[in-house]
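To convert, note that position 25 of the sequence shown is 94 in the working numbering; the numbers rise steadily by one, no gaps.
Ideal Cβ positions, reconstructed from N, Cα and C, are used throughout, including at glycine.
Treat the numbers as computed from the prediction; the structure is a model and nothing was measured.
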Amino acid sequence: MKTERLTAASDTLAEAAAYIQQQEVVAFPTETVYGLGADATSEAAVAKIFEAKGRPADNPLIVHVHEPGQIKYYTETIPVMAQQLIDQFMPGPFTIILKSNGKVAPTVSAGLDTVAIRVPQHPVAQALIQTANLPLAAPSANVSGKPSPTTADHVYQDLCGRIPCILDGGATGVGLESTVVDATGEVPVILRPGGITKQAIEAVIGEVKLTKSLAAEAQPKSPGMKYNHYEPEAPLYLIEGESAFFQQQIIHFQQAGKKVGVMATTPLMTKLTADEAFTMGEQDNLKEVAANLYTGLRYFNHKTVDVILSECFPAQGMGAAIMNRLDKAATDRIQHI
Ligand code: AMP
Ligand code: MG
Numbered sequence: 070m071k072t073e074r075l076t077a078a079s080d081t082l083a084e085a086a087a088y089i090q091q092q093e094v095v096a097f098p099t100e101t102v103y104g105l106g107a108d109a110t111s112e113a114a115v116a117k118i119f120e121a122k123g124r125p126a127d128n129p130l131i132v133h134v135h136e137p138g139q140i141k142y143y144t145e146t147i148p149v150m151a152q153q154l155i156d157q158f159m160p161g162p163f164t165i166i167l168k169s170n171g172k173v174a175p176t177v178s179a180g181l182d183t184v185a186i187r188v189p190q191h192p193v194a195q196a197l198i199q200t201a202n203l204p205l206a207a208p209s210a211n212v213s214g215k216p217s218p219t220t221a222d223h224v225y226q227d228l229c230g231r232i233p234c235i236l237d238g239g240a241t242g243v244g245l246e247s248t249v250v251d252a253t254g255e256v257p258v259i260l261r262p263g264g265i266t267k268q269a270i271e272a273v274i275g276e277v278k279l280t281k282s283l284a285a286e287a288q289p290k291s292p293g294m295k296y297n298h299y300e301p302e303a304p305l306y307l308i309e310g311e312s313a314f315f316q317q318q319i320i321h322f323q324q325a326g327k328k329v330g331v332m333a334t335t336p337l338m339t340k341l342t343a344d345e346a347f348t349m350g351e352q353d354n355l356k357e358v359a360a361n362l363y364t365g366l367r368y369f370n371h372k373t374v375d376v377i378l379s380e381c382f383p384a385q386g387m388g389a390a391i392m393n394r395l396d397k398a399a400t401d402r403i404q405h406i
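So, in structure tokens, the structure goes:
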């Protein structure tokens, strides 16, 4: 299949929307990462998303609508607390899980009786949804298991020949996927940390829970507990410790005959010497680190490194989302005891 790359503009939006209406998939920019969208009401169209990504069928998709008022068309009654979250955080990098009314294809929900819905803030995403006049089921536009795409180039590297159309709207803003909150129970539960922090949510509705798997992941975990997610081509190790300890680990791998790539922020990076380096930004600017994280994980794919060592960040606020992705991407953590 030929993959068309379109620069987002009014005429190309119409072309991309036509693909959607013909039950095809289109990659498009959002403020979090690039999505791979298809008509959420069509089982045939949704099947093409799973096929292009190689995504397991039991992993549900988020439905994207262009404004919060659309949510009620795909859900049962919206609880008061859920409505408060919708009013506060939508449009934005925030996904809410509600009881489905069965209007989206069952494969979108992977057989669950719930549906995950988001209202993206990105003008190109909003325009595409509005022009197609359909809700878009859209996971990240990467091959399943790889780091999510934050540029049209990333999408092209992964999905060239597997999808008909990429709408290029430049680099995404947040750079990490949306915060996912399950609002079907009495107390909302964060299933995935993201651009909207736990603190920001609690400021609106009071205490929320973290899903059990997230609470467990706050601890260093054994390699056996790993998800296959966000993985760079070389094994990734997370280094917890001072710059001298970090440098020792670089030397340790080099002495074992390995070429070492380092992902770190300034000023730490200026104190390290490795074979390859990717600077994620300033240490005290976690927004910048989040925006650069997946580019970093993909950067070493084209370089000859045998291992990647990354800095760790305090797991609060945006740091919680960053560490969640790094933990899933990593083979292990190496701690200075
Ligand atoms: P992505 O594929 O990167 O867009 O991520 C979508 C995320 O939302 C995954 O972690 C899914 O497991 C989660 N998700 C989507 N729909 C549901 C749902 N109905 N219930 C629970 N999690 C969901
Ligand atoms: Mg994804």
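Exercise for review: Name the residue from Gln-318, Leu-203, Ala-399 whose alpha carbon lies nearest to the alpha carbon of Leu-304.
Suggested key: In the sequence shown, the residue the question calls residue 304 occupies position 235. The question names Leu, but residue 304 in the sequence shown is Pro. Considering only alpha carbons, the answer is Ala-399.
Practice item. Name the one or two DSSP bridge partners that Arg-261 has. Key: By 1-based counting over the sequence shown, the position of residue 261 is 192. Beta bridge pairing from DSSP links Arg-261 with Val-249.
Review point. Which residue comes first and which comes last in the alpha helix (DSSP H) that contains Leu-378?
Key: Here the question's residue 378 lines up with position 309 in the sequence shown. First-last for Leu-378: 376 to 380, but that is the beta strand (DSSP E), not the alpha helix (DSSP H).
Exercise for review: Give the secondary structure of Ala-85 by DSSP, where H, G and I count as helix, E and B as strand, and everything else as coil.
Suggested key: Within the sequence shown, residue 85 is the residue found at index 16, counting from 1. In the structure shown, Ala-85 sits in a helix (DSSP, three-state: H, G or I).
Review point. Sorry if obvious, but does the Cβ on Ser-79 come closer than 6 Å to a heavy atom of the ligand MG?
Key: The sequence position of residue 79 within the sequence shown is 10, counting from 1. Answer for Ser-79: no, Cβ out of range of the ligand MG.
Point to revise | Beta-carbon proximity of Pro-129 to Ser-178, cut-off 7 Å | key: Taking the sequence shown and counting its residues from 1, the one referred to as residue 129 is at position 60. Taking the sequence shown and counting its residues from 1, the one referred to as residue 178 is at position 109. Contact flag set, yes.
Check your understanding: By a C-beta neighbour count over all protein chains shown, 10 Å radius and 16 as the cutoff for buried, is Pro-204 buried or exposed?
Key -> If you number the sequence shown from 1, residue 204 lands on position 135. It counts as buried.
Exercise for review: Would you tell me roughly how many angstroms separate the C-alpha atoms of Thr-72 and Thr-99, rounded to the nearest one?
Suggested key: Counted from its first residue, the sequence shown places residue 72 at position 3. Counted from its first residue, the sequence shown places residue 99 at position 30. Taking the CA atoms as reference points, Thr-72 sits about 20 Å from Thr-99.
**Study point:** Rounded separation between Gln-195 and Gly-350 - CA only
**Key:** Position 126 of the sequence shown, counting from 1, holds the residue named residue 195. Position 281 of the sequence shown, counting from 1, holds the residue named residue 350. The alpha-carbon of Gln-195 is positioned some 29 Å away from that of Gly-350.
Review point. With C-beta atoms as the reference, is Ala-201 less than 7 Å away from Ile-89?
Key: Taking the sequence shown and counting its residues from 1, the one referred to as residue 201 is at position 132. Taking the sequence shown and counting its residues from 1, the one referred to as residue 89 is at position 20. Remark: C-beta atoms of Ala-201 and Ile-89 approach each other more closely than 7 Å.
Review point. Which residues bound the alpha helix (DSSP H) around Tyr-368?
Key: Against the sequence shown, residue 368 aligns to sequence position 299. 355 to 368 is the span of the alpha helix (DSSP H), which, as asked, contains Tyr-368.
Check your understanding: Curious, which full-length beta strand (DSSP E) runs of at least 3 residues does the stretch 94 to 131 contain?
Key -> Counting only runs of 3 or more, we get 95 to 97, 104 to 108.
Practice item. Tell me where the beta strand (DSSP E) around Thr-334 begins and ends. Key: Mapped onto the sequence shown, residue 334 falls at position 265. Per DSSP, the continuous beta strand (DSSP E) segment holding Thr-334 begins and ends at 329 to 335.
Exercise for review: Counting only runs of 3+ residues fully inside the stretch 172 to 253, write out the beta strand (DSSP E) ranges in chain order.
Suggested key: Listed in chain order, the complete beta strand (DSSP E) runs (minimum 3 residues) inside the stretch 172 to 253 are 183 to 187, 234 to 237, 248 to 251.
Review point. Is the CB-CB distance between Phe-315 and Met-332 below 7 Å?
Key: In the sequence shown, residue 315 corresponds to position 246, counting from 1. In the sequence shown, residue 332 corresponds to position 263, counting from 1. Their beta carbons are not under 7 Å apart, which means Phe-315 does not touch Met-332 by this criterion.
Practice item. Answer yes or no: do Ser-111 and Gln-92 have a C-beta to C-beta separation smaller than 7 Å? Key: Working through the sequence shown from its first residue, we reach residue 111 at position 42. Working through the sequence shown from its first residue, we reach residue 92 at position 23. Cβ atoms of Ser-111 and Gln-92: closer than 7 Å.
Check your understanding: Closer than 6 Å from C-beta to any heavy atom of the ligand MG: which residues, in chain order?
Key -> Working through the chain, the matches are Pro-208, Ser-209, Ser-217.
Point to revise | Residue closest to Arg-367, alpha-carbon to alpha-carbon, out of Leu-75, Glu-357, Val-224 | key: One-based indexing of the sequence shown puts residue 367 at position 298. Closest by alpha carbon: Val-224.
**Study point:** Buried versus exposed, by CB contacts within 10 Å (16 or more), Val-132
**Key:** Start at 1 with the first residue of the sequence shown, and residue 132 comes out as number 63. Per the 10 Å Cβ criterion, buried.
Practice item. Could you spell out where the alpha helix (DSSP H) holding Lys-267 opens and where it closes? Key: Residue mapping note: residue 267 aligns to position 198 of the sequence shown, counting from 1. It spans 267 to 274 - the alpha helix (DSSP H) in which Lys-267 sits, taken as one unbroken run.
**Study point:** Cβ-Cβ distance between Ile-265 and Thr-253 below 7 Å
**Key:** As a working note, residue 265 is residue 196 in the sequence shown. As a working note, residue 253 is residue 184 in the sequence shown. For Ile-265 and Thr-253, no; Cβs fall outside 7 Å.
Check your understanding: First and last residue of the alpha helix (DSSP H) that includes Asp-396?
Key -> Along the sequence shown, read from residue 1 onward, the residue named residue 396 stands at position 327. In the DSSP annotation of this structure, the continuous segment of the alpha helix (DSSP H) that includes Asp-396 starts and ends at 387 to 398.
**Study point:** For Tyr-299: DSSP bridge partner residues
**Key:** In the sequence shown, the residue the question calls residue 299 occupies position 230. BP columns for Tyr-299 are empty, so no partner.
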